[in-house]
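Participant:
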Amino acid sequence: MGDWKNICKDKDTRPKEQTYSSWKDLPPIPICFPAHASDTGSWRTNRPVTDYTKCTKCGFCFLYCPEGTIHEGEDGYYHIEYDYCKGCGVCANECPVKCISMILESDVQEEKMND
Amino acid sequence: MTKVESEFEGVHLLKGNFAAAYAARAARVQVVTAFPITPQTLIVEKISDLVDSGKMNCEFIRMESEHSVMAALVGASIAGARTYTGTSGQGLLYMAEPVHWAAGTRLPMVMSIASRGIAPPWNIWADFSDVMSQRDSGWLIQLNSTHQEIYDSVLMGYKITEDPEVMLPLMAAYGGFILSHTSKPVDMPPQSEIDSFLPEIPEKGWDHIFLDADRPMMHGALVMPGDFYQEFRMKIHLAQLRAKEKIKVVTKEFKEKFGRDYGNGLFYEYKTSDAEYIMINYGEIAKQMELTIDTLRNEGYNVGMINLRTYRPFPSEELIEKVKHAKILGVVDRATAFGSPTGGPVSSDVRAALQTSSETRNLSIIPFINGLGGRDVFPEEQREQFEILFHVLDKGEYPKNKDLMHATYWTGTIDRRST
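Residue numbers (our numbering), protein chains in the order written: chain R, 232 to 346; chain H, 18 to 436.
(1) Measuring only between beta-carbons, confirm whether residue 257 of chain R sits less than 8 Å from chain H.
(2) To which residues of the same chain is residue 365 of chain H closer than 7 Å at the C-beta, ignoring the five residues directly before and after it?
(3) Jot down the residue ranges of each uninterrupted alpha helix (DSSP H) in the stretch 280-325 of chain R, minimum 4 residues, whole runs only, in chain order.
(4) Output, in chain order, the set of chain H residues within a Cβ distance shorter than 8 Å of residue 265 of chain R.
(5) Helix, strand or coil for residue 332 of chain R, going by three-state DSSP, please let me know.
(6) Do the stretch 310-319 of chain H and the stretch 289-297 of chain H touch if we need at least three Cβ pairs shorter than 8 Å?
(7) How far does the beta strand (DSSP E) with residue 131 of chain H in it extend, from its first residue to its last?
(8) Who does residue 325 of chain H pair with in a DSSP beta bridge?
(9) Can you tell me the Cα-Cα spacing of residue 382 of chain H and residue 125 of chain H, whole angstroms?
(10) Could you pull the start and end residues of the alpha helix (DSSP H) that residue 92 of chain H belongs to?
(11) So, helix, strand or coil for residue 34 of chain H, using DSSP?
(12) Give the range of the beta strand (DSSP E) segment to which residue 51 of chain H is assigned.
(13) Are the CB atoms of residue 97 of chain H and residue 222 of chain H nearer to each other than 8 Å?
(14) Would you say residue 262 of chain H lies against chain R (beta-carbon separation less than 8 Å)?
(15) Compute the Euclidean distance between the alpha carbons of residue 268 of chain H and residue 274 of chain R, then round it to the nearest angstrom.
(16) Mind checking if residue 471 of chain H is an interface residue toward chain R, Cβ cutoff 8 Å exclusive?
(17) Tell me, please, which residues DSSP counts as bridged to residue 201 of chain H.
(18) Please check the pair residue 42 of chain H and residue 25 of chain H, which I expect to be a contact at CB under 8 Å, by giving their CB distance rounded to whole angstroms.
(19) State the start and end residues of the unbroken beta strand (DSSP E) segment that holds residue 159 of chain H.
(20) Starting from residue 381 of chain H and walking both ways along the beta strand (DSSP E), at which residues does that stretch end?
(21) On the three-state DSSP scale, how would you describe residue 244 of chain R?
(22) If you draw a straight line from the C-alpha of residue 238 of chain R to the C-alpha of residue 350 of chain H, how long is it?
(23) Counting only Cβ-Cβ distances shorter than 8 Å, please list the residues of the stretch 91-123 of chain H near chain R, keeping chain order.
(24) Exposed or buried, residue 33 of chain H, counting other C-beta atoms within 10 Å across all chains shown (16 or more means buried)?
(25) Indicate whether at least one CB of chain H lies closer than 8 Å to the CB of residue 317 of chain R.
(26) Take residue 264 of chain H and list the residues in its own chain whose beta-carbon comes closer than 7 Å to its own, dropping the five residues that flank it on each side.
(27) Assess contact between the stretch 182-199 of chain H and the stretch 142-149 of chain H, defined as three or more Cβ pairs (one per stretch) separated by less than 8 Å. Is contact present?
(28) With a floor of 3 residues, list each beta strand (DSSP E) that falls wholly inside the stretch 390-430 of chain H, ordered by position along the chain.
(29) Which residues mark the beginning and the end of the beta strand (DSSP E) in which residue 76 of chain H is found?
(30) Compare the C-beta of residue 19 of chain H against all C-beta atoms of chain R and say whether one is closer than 8 Å.
(31) Assign residue 69 of chain H to one of three DSSP states: helix, strand, or coil.
(32) Show which residues of chain R have a CB atom less than 8 Å away from the CB atom of residue 245 of chain H.
(33) Nearest to residue 112 of chain H by CA position, among H:63, H:162, H:161, H:54, is which residue?
(34) By alpha-carbon positions, which one of H:303, H:369, H:380 ends up nearest to residue 340 of chain H?
(35) Whether or not the stretch 414-421 of chain H and the stretch 223-237 of chain H are in contact is what I'm after, with contact meaning three or more pairs of Cβ atoms, one per stretch, closer than 8 Å; do they touch?
(36) Using CA coordinates, which residue listed in H:233, H:334, H:306 is at the minimum distance from residue 370 of chain H?
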């Protein structure tokens, strides 16, 4: 069998990278380490932006996010991981104090360029 | 021996579907998902009964459709469980998308198919067009002729599919109602012997795919055209070819342990050693054809039959070896492959396979299609099929006044015109 059996080892002892040069070394099915996810944040049209002056740290956005891209920071506030947030807007809709606004990604880019 | 055990041991009069359910129990399957569809329903009902009365220890999940049945079974199998289900006709067609997923994920599962005709027009009786629709899915496909074989195919199935060199699912099909709802004595070995025959289920899941928080993995993701997609498809075909040898080995082990003979596992022969006229047939009508062969042998005809057990992987080399001495070959299909070279799936494959050897390249092959949608095929009709072979070989021409379509005979068709 090929090197693919190394992937069956636990997190600490499996190799950092999988490389295949021929189909003969391949596992029976395509498998890879879960860290290699695509940059799904680039699909986003609207970006959720939190106004932390209004945020009550209730955690609703964290609970409702269907992609698991919202995490509690050390400061107790919830931060959005823009690499993976697809901009669905569920957090903005569910926020009880309406502190999350959805801003067009093109507007965010312009703001950045103006800075 | 406890009273409960005796129900599952020794010779019992069983419906074909019950034989399938009892075999699943004997194989100690851990997850069964099911949706009832005629004529498979009795499998589901029996397993439901057995689980309810505590006689079978498995997770039995009633799903909302066949598509969900296979989707859930794929999930259970990825988690490392031994899985089982059954379906029929339209149910298998509805299941088609995750059926391919199961083979592509290389999951070892066994599915019993009580085969029935495809609608429209609505039909629930024996016809193998349903399994034939999945012939290119990557599943191993077997066709059963007897009640005992239904039981044995499930047991052997787990040993074949769970082999690390194979890792492909298997469907074992038998004619709806003709085998599924009739009863015959089925000999069930003691549980301890079945346990020692079957492989152990790996504790930490299959080698290539598992659900384990300590060993997280991503699978089934997108593969771009420039990456290994073609290569993964090659591996499925390669595993199919390896399965051929594994089926032979398991069938031999089964014979040594339980005494029942299924030939080389790919097909079994009936009086072919000196036969000049050989018929390739499958399913319950193949078993019945043995009677016709006995009758014709008594009349002095050198006839024989190959009962095709394994359709995928297709036993090309093995068939060539057995039919090369024949003078003419017939292939009987109880299934359709519309628009194919012969109209029948197996006859098309036999023609393609025999083309690969100089010893069989010039052999005349007469395809037959019969018994569609559960239409009875009586010995008289099977005799008529052999007589067509005699006529072609002796007279060098195809007999007229029969339903001949592009060199294929459709026998048993209705013609009530007054002549």
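For every residue, glycine included, the Cβ atom is placed at its ideal position computed from N, Cα and C.
Facilitator: Reading from the atomic positions:
(1) By this cut-off, residue 257 of chain R is an interface position.
(2) If we look at residue 365 of chain H and ignore the five residues flanking it on each side, its Cβ neighbours are 354, 357, 358, 359.
(3) If we require 4 residues or more, the alpha helix (DSSP H) runs fully inside the stretch 280-325 of chain R come out as 291-295, 321-325.
(4) Contact note: residue 265 of chain R reaches chain H through 233, 234, 235, using a C-beta cutoff of 8 Å and chain order.
(5) Residue state, collapsed to three classes: strand.
(6) Yes: the two stretches touch, three or more of their Cβ pairs being nearer than 8 Å.
(7) Residues 126-132.
(8) Beta-bridge pairing links residue 325 of chain H to H:284.
(9) When rounded, the separation of the alpha-carbon atoms in residue 382 of chain H and residue 125 of chain H is 35 Å.
(10) From DSSP, the alpha helix (DSSP H) with residue 92 of chain H extends over 83-95.
(11) In the structure shown, residue 34 of chain H sits in a helix (DSSP, three-state: H, G or I).
(12) For residue 51 of chain H, the uninterrupted beta strand (DSSP E) segment begins and ends at 48-51.
(13) A Cβ-Cβ contact shorter than 8 Å links residue 97 of chain H with residue 222 of chain H.
(14) Not one beta carbon of chain R lies nearer than 8 Å to the beta carbon of residue 262 of chain H.
(15) Rounded to the nearest angstrom, the two C-alpha atoms are 53 Å apart.
(16) Any question about residue 471 of chain H goes unanswered here, given that chain H covers just 18 to 436.
(17) Within the DSSP secondary-structure output, residue 201 of chain H pairs in a beta bridge with H:31.
(18) Under the criterion of beta carbons closer than 8 Å, residue 42 of chain H and residue 25 of chain H qualify as touching, at roughly 7 Å.
(19) From DSSP, the beta strand (DSSP E) with residue 159 of chain H extends over 157-160.
(20) Element bounds for residue 381 of chain H: 381-386.
(21) Under the three-state reduction of DSSP output, residue 244 of chain R falls in the coil class, being neither helix nor strand.
(22) Counting only the Cα atoms, residue 350 of chain H lies some 46 Å from residue 238 of chain R.
(23) From the stretch 91-123 of chain H, only 121, 122, 123 have a Cβ closer than 8 Å to chain R.
(24) Buried.
(25) Taking Cβ atoms only, chain H never reaches closer than 8 Å to residue 317 of chain R, which makes this a no.
(26) If we look at residue 264 of chain H and ignore the five residues flanking it on each side, its Cβ neighbours are 177, 282, 283, 327.
(27) In this structure the stretch 182-199 of chain H touches the stretch 142-149 of chain H; the number of beta carbon pairs closer than 8 Å is three or more.
(28) Counting only runs of at least 3 residues, the stretch 390-430 of chain H fully encloses the following beta strand (DSSP E) elements, listed from N- to C-terminal order: 425-427.
(29) Run containing residue 76 of chain H: 76-79, per the beta strand (DSSP E) assignment.
(30) Residue placement at residue 19 of chain H cannot be trusted, given a pLDDT of 49 that sits under 50; what the coordinates show is reported in the next sentence. Chain R contact via Cβ: absent.
(31) In the three-state DSSP reduction, residue 69 of chain H falls in the helix class (H, G or I).
(32) Within chain R, the residues 251, 254, 257, 261 have their CB atoms less than 8 Å from the CB of residue 245 of chain H, given in chain order.
(33) Nearest of H:63, H:162, H:161, H:54 to residue 112 of chain H, Cα basis: H:54.
(34) Closest option to residue 340 of chain H, Cα to Cα, is H:380.
(35) Because the criterion of three Cβ pairs below 8 Å is not met, the stretch 223-237 of chain H and the stretch 414-421 of chain H do not touch.
(36) With distances taken between Cα atoms, residue 370 of chain H lies closest to H:334.
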